[in-house]
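Just so we're aligned: 11 in this note's numbering is position 5 of the sequence shown, and the numbers increase by one with no gaps anywhere. Heads up, the beta-carbon is just placed ideally off N, CA and C, and yes, glycines get one too. All of these numbers come straight from a predicted model, not from anything done at the bench.
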Amino acid sequence: MSKTRRWVIILLSLAILVLIGINLADKDDPAAVMVNSNDPTYKSEHTDTVVYSPEGALSYRLIAQHVEYFSDQAVSWFTQPVLTTF
């Protein structure tokens with residue numbers, strides 16, 4: 007391998023490392039995100055939840071047409087829920 011080719015490879019490698027460092031350094035500034043606590047974190051249509059006991063037996067089943075979860079209050083709201091216990 008010639009000396010010129012070796013130096014070109016070294017310079018390109020250094021340039022790549024510098025560009026990667028600049029790219030990672032730019033991500034340190036988190037953008038200010040406006041969060042509305044009245045908006046739900048998650049929404050789901052026709053949710054079917056099955057819960058088992060520690061022994062593995064079916065404990066209950068919850069079916070709802072619409073579910074909204076609010077993470078600020080840690081509250082879930084169910085529309086037309088149907089709970090079946092076993």
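Pairwise C-alpha distance: residue j and residue i
| i | j | result |
| --- | --- | --- |
| Pro87 | Pro60 | 24 Å |
| Leu30 | Leu20 | 15 Å |
| Tyr75 | Tyr48 | 5 Å |
Residue i burial status per 10 Å Cβ neighbour count (16 or more: buried)
| i | result |
| --- | --- |
| Ala70 | buried |
| Val81 | exposed |
| Val73 | buried |
Per DSSP, cross-strand counterpart(s) of residue i
| i | result |
| --- | --- |
| Trp83 | Glu74 |
Among the options, the one whose alpha carbon lies nearest that of residue i
| i | options | result |
| --- | --- | --- |
| Ser77 | Asp32, Ile15, Met7 and Pro46 | Pro46 |
| Ser50 | Leu64, Leu23, Gly27 and Trp83 | Trp83 |
| Ser43 | Ser8, Ile16, Ile26 and Gln79 | Gln79 |
| Tyr66 | Ile28, Thr85, Phe92 and Leu18 | Phe92 |
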